[in-house]
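Asker: Chains as they are written, first to last, in my numbering: chain V, 12 to 405; chain L, 10 to 279. The beta-carbon is built from N, C-alpha and C at its ideal position, and this holds for glycine as well. Given the structure is predicted, the values throughout are model-derived calculations rather than measurements. For reference, the structure I am asking about is given below.
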Amino acid sequence: MIRRAAHQLRRYRARSVLGPERYVFLAEWRNPPRSGPSGLGLSVGLSLALVTMLLTLPSVLGLYWTDLVNDMMIYAVLALSLNVILGHCGLFHMGHAAFYAVGAYTTAILATRFDVPILLTLPLAGALAGLFALLVARPIIHLRGDYLLVVTIGIVEIVNIALKSNIFGLTGGANGLLILNPISIFGHEIVSPVDFYYFILLILAVTILLFYLAQNSRFGRALNYIKQDELAAESTGVNTAHYKLAAFVLGAVWAGMLGTVFAAKIETVSPGSFSYAQSVLLFAIVILGGPGSITGVLLGAFLIISLPEIFRDLQNYRMLVFGAAMVAMMIFRPQGLMPPGRRRYKVGQFLGRFPAGAALRRNKQLEGADPTALTDPADLPSLADLANGEGKGR
Amino acid sequence: MDRLPNVPVLTLAGLYKRFGGLVAVNNVSFTVPQGAIIGLIGPNGAGKTTVFNLITGNYKPDQGAVLFEGRDIAGLKPHCVVELGVARTFQNIRLFQGMSALENVLAGRHCRMKSGVISSMFRLPGQRREEKQALERAMKELAFVGLEKQYDNLARNLSYGNQRLLEVARALATDPRLLILDEPAGGMNDQETQDLVHLIRAIRDLGISVLLIEHDMSLVMKICDNLVVLEYGAVIATGSPAEIRRNPKVIEAYLGTDSEAAEAASGGRA
Chain V
12 MIRRAAHQLR RYRARSVLGP ERYVFLAEWR NPPRSGPSGL GLSVGLSLAL
62 VTMLLTLPSV LGLYWTDLVN DMMIYAVLAL SLNVILGHCG LFHMGHAAFY
112 AVGAYTTAIL ATRFDVPILL TLPLAGALAG LFALLVARPI IHLRGDYLLV
162 VTIGIVEIVN IALKSNIFGL TGGANGLLIL NPISIFGHEI VSPVDFYYFI
212 LLILAVTILL FYLAQNSRFG RALNYIKQDE LAAESTGVNT AHYKLAAFVL
262 GAVWAGMLGT VFAAKIETVS PGSFSYAQSV LLFAIVILGG PGSITGVLLG
312 AFLIISLPEI FRDLQNYRML VFGAAMVAMM IFRPQGLMPP GRRRYKVGQF
362 LGRFPAGAAL RRNKQLEGAD PTALTDPADL PSLADLANGE GKGR
Chain L
10 MDRLPNVPVL TLAGLYKRFG GLVAVNNVSF TVPQGAIIGL IGPNGAGKTT
60 VFNLITGNYK PDQGAVLFEG RDIAGLKPHC VVELGVARTF QNIRLFQGMS
110 ALENVLAGRH CRMKSGVISS MFRLPGQRRE EKQALERAMK ELAFVGLEKQ
160 YDNLARNLSY GNQRLLEVAR ALATDPRLLI LDEPAGGMND QETQDLVHLI
210 RAIRDLGISV LLIEHDMSLV MKICDNLVVL EYGAVIATGS PAEIRRNPKV
260 IEAYLGTDSE AAEAASGGRA
């Protein structure tokens, strides 16, 4: 099996040196072509290996690194939720920390003041963050590009200042709130980094699955249409304002729920965790990894959250390298490290079922424009063939 | 919903649209009878595309009514107009360039589908059925315009003529009863234009009324039942292609009067 994998890798590499073939490589890598039972065995084997690796990771890494992986996974889920708005729908939203904050504070306030079990606050945190997104995004949804960006920065700043100034006497000001009760699932309390590892891994897996299904659907396509050409989307019957809001709300609901997880993990929620800088970090993860691509965003989270930690010794140069890397990215690979692959549709059953250009042929016959064609309509070239063949001179 | 046989698909009544001091559309009224192919012609800048944008909801008229099957649609949002049964193509092609031909046509199916985020995330049976039906219909429309084999090509990789056809397929996928084509033959060669004539007739044979802007006079004269001529935002003539061809006002609008022509020739007024 290993030899097979190596062989395939060589094949892919050989292709990947060619220009556009690179994307074929990426697309195939994500959606491997079906090559009989042995190909299936390979992918099952790889999946099993991956799952085993993920499940045993904490015992290999130790507590410190496990905790770091936990952080990375939280950022990955947050970035995936931002990816719905920024990656799929193309809305420049740099205030995601605001929604995250609403979720985290919902949990913190309910847990400290009303003693609600943390896990119960999770759906409520999501719902409130979604509602908040609906309220703040509705008036600004028509803004485009950098105008939207500026307003969303404003939103996260306002939320941050509101939290610092102890709004309604609920948020505890600059010190924030201290949460003493842990998450408890069927009596098992989630306290240690290892507990959190499995808990967050589960959330990450569910998020990936649900977002993958959502992006390969009418909803995901609608967001992409808006990203590609908003006017055309509206003019072909997509309610663009509705879908842009829906993207915001879905992203915010997820960020809100992650706020709960974050609050439980960190045990203190304070305004510093939900700053503009956090929003920029999430934005950078999506843009660097590949807007609209789940694997890309995961890679982006790994690179941006883990690498600075791994290269801690080079601390002084970290931001320098980081900045240079971002500039280089924007010049050489603006689509991100792993741009999204194409959606594949099963249309084989429909191919050839509808005679190509049938209506055109019928009309030509009616007119008798080409008497020789009347004998066998199948011999007539379709409109597309004509456009391909004879249209080349243009 | 039953359609009354005698109600025109589209009636424009006294439409006005001003952009600042410019009256782009000045008291425009005409009708598109059911099953007709109507051509809207006129010199550049006459306001043809503005009229289209008023019909499709991209602009709001300052005054006047746009009746689609007897219902006033003026000022509705474009996606609502599409939902009611008016589809359009654009003068400068507006496809989703980075997406496949099939996905472009699926965009047209969007407004006839219902599944939302939740049903997609959990792949509920209704969502899967709907998705399959949409794929089938999209492939049918692609086959109709002759692009079936190119379903997986990115829109930007199609030839110019094929991109125009893809826009038509996308519009047809919305189940329109009125199709609005903005310069469908723009940038096409003679052969492609020939095929377009057949395509537009085939569309009409499906029971879809067609309103089109076109500069290619041979095409317009060949397929249109009636023509509406605009100049400086106002209708200067309506009638059959033969009538329009003889109409002195139209000839003047397109070619200028004798005195103007003489002046231009002598280089008098700049």
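Spell out the partners DSSP gives residue 238(V) in its beta bridges.
Answerer: Taking the first sequence and counting its residues from 1, one reaches residue 238(V) at position 227. Note: residue 238(V) sits in no beta bridge, so no partner.
Asker: Using a Cβ cut-off of 9 Å, which residues of the region 162 to 193 of chain V contact any Cβ in chain L, in chain order?
Answerer: Under the 9 Å Cβ criterion, the region 162 to 193 of chain V contributes no residue.
Asker: What is the rounded straight-line gap between the Cα of residue 179(V) and the Cα of residue 104(V)?
Answerer: As a working note, residue 179(V) is residue 168 in the first sequence. As a working note, residue 104(V) is residue 93 in the first sequence. Each residue's alpha carbon lies about 27 Å from the other.
Asker: Nearest-angstrom Cα distance between residue 94(L) and residue 193(L)?
Answerer: Numbered from its first residue, the second sequence carries residue 94(L) at position 85. Numbered from its first residue, the second sequence carries residue 193(L) at position 184. Those two C-alpha atoms are separated by around 19 Å.
Asker: Report yes if the CB atom of residue 157(L) is closer than 7 Å to the CB atom of residue 163(L), and no otherwise.
Answerer: Here residue 157(L) is taken as the residue at index 148 of the second sequence, counted from 1. Here residue 163(L) is taken as the residue at index 154 of the second sequence, counted from 1. Against a cut-off of 7 Å, the Cβ pair of residue 163(L) and residue 157(L) comes out as no contact.
Asker: Determine the contact status of residue 188(V) and residue 272(V), defining contact as a CB-CB distance below 7 Å.
Answerer: For the purposes of this step, residue 188(V) is taken as residue 177 along the first sequence, with counting starting at 1. For the purposes of this step, residue 272(V) is taken as residue 261 along the first sequence, with counting starting at 1. The answer is no: Cβ separation not under 7 Å.
Asker: Please report how far the alpha carbon of residue 179(L) lies from the alpha carbon of residue 133(L), in whole angstroms.
Answerer: If you number the second sequence from 1, residue 179(L) lands on position 170. If you number the second sequence from 1, residue 133(L) lands on position 124. Cα to Cα, the separation comes out at about 26 Å.
Asker: Indicate the three-state DSSP secondary structure (helix, strand or coil) for residue 146(L) in the structure shown.
Answerer: Indexing the second sequence from 1 puts residue 146(L) at position 137. Here residue 146(L) sits in helix by DSSP.
Asker: Mind checking if residue 324(V) is an interface residue toward chain L, Cβ cutoff 7 Å exclusive?
Answerer: What you label residue 324(V) is simply residue 313 of the first sequence in a count that begins at 1. By this cut-off, residue 324(V) is not an interface position.
Asker: Hey, residue 167(V) and residue 108(V): beta-carbon distance below 7 Å or not?
Answerer: Here residue 167(V) is taken as the residue at index 156 of the first sequence, counted from 1. Here residue 108(V) is taken as the residue at index 97 of the first sequence, counted from 1. Yes, they are a contact pair.
Asker: Write down every uninterrupted run of the alpha helix (DSSP H) in the region 108 to 157 of chain V whose length is 4 residues or greater and which is fully enclosed by it, in chain order.
Answerer: Listed in chain order, the complete alpha helix (DSSP H) runs (minimum 4 residues) inside the region 108 to 157 of chain V are 129 to 148.
Asker: Suppose you measure from the CA of residue 42(V) to the CA of residue 131(L); what does that come to, to the nearest Å?
Answerer: The sequence position of residue 42(V) within the first sequence is 31, counting from 1. The sequence position of residue 131(L) within the second sequence is 122, counting from 1. Caution applies to residue 42(V), whose pLDDT of 49 falls short of 50 and renders its modelled position unreliable; the model cannot decide the point.
Asker: Return yes when the Cβ of residue 294(V) is within less than 7 Å of the Cβ of residue 91(V), no when it is not.
Answerer: Numbered from its first residue, the first sequence carries residue 91(V) at position 80. Numbered from its first residue, the first sequence carries residue 294(V) at position 283. No, Cβ-Cβ distance for residue 91(V) and residue 294(V) is not below 7 Å.
Asker: Can you name the residues that DSSP bridges to residue 189(L)?
Answerer: Looking up residue 189(L) in the second sequence gives position 180. In DSSP, residue 189(L) forms a bridge with 97(L), 220(L).
Asker: Out of curiosity, what's the CA-to-CA distance linking residue 224(L) and residue 149(V)?
Answerer: Working through the second sequence from its first residue, we reach residue 224(L) at position 215. Working through the first sequence from its first residue, we reach residue 149(V) at position 138. Distance between the alpha carbons of residue 224(L) and residue 149(V): 42 Å.
Asker: According to DSSP, what are the bridge partners of residue 25(L)?
Answerer: By one-based count along the second sequence, residue 25(L) stands at place 16. The partner list for residue 25(L) (beta bridge, DSSP) reads 35(L), 72(L).
Asker: To the nearest angstrom, how far is it from the Cα of residue 55(L) to the Cα of residue 172(V)?
Answerer: The count along the second sequence starts at 1 and reaches residue 55(L) at position 46. The count along the first sequence starts at 1 and reaches residue 172(V) at position 161. Residue 55(L) and residue 172(V): Cα-Cα distance of roughly 54 Å.
Asker: Using a cut-off of 8 Å between C-beta atoms, extract the partners of residue 230(L) located in chain V.
Answerer: Counting from 1 along the second sequence, the entry for residue 230(L) is found at position 221. Neighbours of residue 230(L) on chain V: none; closest Cβ ~16 Å, over 8 Å.
Asker: If the criterion is Cβ atoms closer than 7 Å, does the pair residue 237(L) and residue 63(L) meet it?
Answerer: As a working note, residue 237(L) is residue 228 in the second sequence. As a working note, residue 63(L) is residue 54 in the second sequence. In this structure, residue 63(L) does not lie closer than 7 Å to residue 237(L) by Cβ.
Asker: What would DSSP say about residue 80(L), mapped onto helix, strand or coil?
Answerer: Within the second sequence, the letter at position 71 stands for residue 80(L). Reduced to three states, the DSSP call for residue 80(L) is strand.
Asker: State buried or exposed for residue 136(L), treating a residue as buried only when at least 16 other CB atoms are found within 10 Å of its CB.
Answerer: Here the question's residue 136(L) lines up with position 127 in the second sequence. Result: buried.
Asker: By DSSP's criteria, residue 312(V) is part of a beta bridge. Which residues make up the other side?
Answerer: The count along the first sequence starts at 1 and reaches residue 312(V) at position 301. BP columns for residue 312(V) are empty, so no partner.
Asker: Suppose you measure from the CA of residue 400(V) to the CA of residue 106(L); what does that come to, to the nearest Å?
Answerer: Numbered from 1 along the first sequence, position 389 holds the residue referred to as residue 400(V). Numbered from 1 along the second sequence, position 97 holds the residue referred to as residue 106(L). With a pLDDT of 42 at residue 400(V), under the threshold of 50, the modelled position of this residue cannot be trusted, and the question is left open.
Asker: Closer than 7 Å, CB to CB, is residue 365(V) near chain L or not?
Answerer: Along the first sequence, read from residue 1 onward, the residue named residue 365(V) stands at position 354. Yes, its Cβ sits closer than 7 Å to a Cβ of chain L.
Asker: Against residue 120(L), what residues of chain V qualify as contacts under a CB-to-CB distance less than 9 Å, listed in chain order?
Answerer: One-based indexing of the second sequence puts residue 120(L) at position 111. Neighbours of residue 120(L) on chain V, chain order: 247, 248, 249, 250.
Asker: Using DSSP bridges, identify the partner residues of residue 195(V).
Answerer: Numbered from 1 along the first sequence, position 184 holds the residue referred to as residue 195(V). Its beta-bridge partners are 200(V).
Asker: Taking Cβ positions, are residue 87(L) and residue 67(L) nearer each other than 7 Å?
Answerer: Counting from one through the second sequence, the residue named residue 87(L) turns up at place 78. Counting from one through the second sequence, the residue named residue 67(L) turns up at place 58. In contact: residue 87(L) and residue 67(L) (Cβ atoms closer than 7 Å).
Asker: Below 7 Å between beta carbons: does that hold for residue 361(V) and residue 148(L)?
Answerer: To locate residue 361(V), count along the first sequence from 1; it is residue 350. To locate residue 148(L), count along the second sequence from 1; it is residue 139. In contact: residue 361(V) and residue 148(L) (Cβ atoms closer than 7 Å).
Asker: Go to residue 251(V), then tell me how far its beta strand (DSSP E) extends in each direction, as first and last residue.
Answerer: Counting from one through the first sequence, the residue named residue 251(V) turns up at place 240. First-last for residue 251(V): 251 to 277, but that is the alpha helix (DSSP H), not the beta strand (DSSP E).
Asker: Among residues of its own chain, excluding the 5 on either side of residue 236(V), which ones have a beta-carbon nearer than 8 Å to its beta-carbon?
Answerer: Along the first sequence, read from residue 1 onward, the residue named residue 236(V) stands at position 225. Cβ within range, chain order: 243, 244, 247, 249.
Asker: Taking Cβ-Cβ distances shorter than 9 Å, what residues in chain V pair up with residue 136(L)?
Answerer: As a first step, residue 136(L) must be located in the second sequence, where it is residue number 127. Result: 228, 229.
Asker: List the endpoints of the continuous alpha helix (DSSP H) containing residue 252(L).
Answerer: On the second sequence, residue 252(L) is found 243 positions in, with the first residue counted as 1. Per DSSP, residue 252(L) belongs to the alpha helix (DSSP H) from 250 to 255.
Asker: Counting only Cβ-Cβ distances shorter than 8 Å, please list the residues of the region 62 to 87 of chain L near chain V, keeping chain order.
Answerer: Answer in chain order: 65, 67, 86, 87.
Asker: Thinking C-beta only, is residue 99(L) closer than 7 Å to residue 191(L)?
Answerer: Position 182 of the second sequence, counting from 1, holds the residue named residue 191(L). Position 90 of the second sequence, counting from 1, holds the residue named residue 99(L). Yes, Cβ-Cβ distance for residue 191(L) and residue 99(L) is below 7 Å.
Asker: For the structure I just gave you, are there three or more beta carbon pairs, one from the region 73 to 88 of chain V and one from the region 203 to 223 of chain V, closer than 8 Å?
Answerer: The region 73 to 88 of chain V vs the region 203 to 223 of chain V: in contact.
Asker: Taking C-alpha atoms, which residue in 264(V), 76(V), 79(V) lies nearest to residue 115(V)?
Answerer: Here residue 115(V) is taken as the residue at index 104 of the first sequence, counted from 1. The shortest Cα separation from residue 115(V) among 264(V), 76(V), 79(V) belongs to 264(V).
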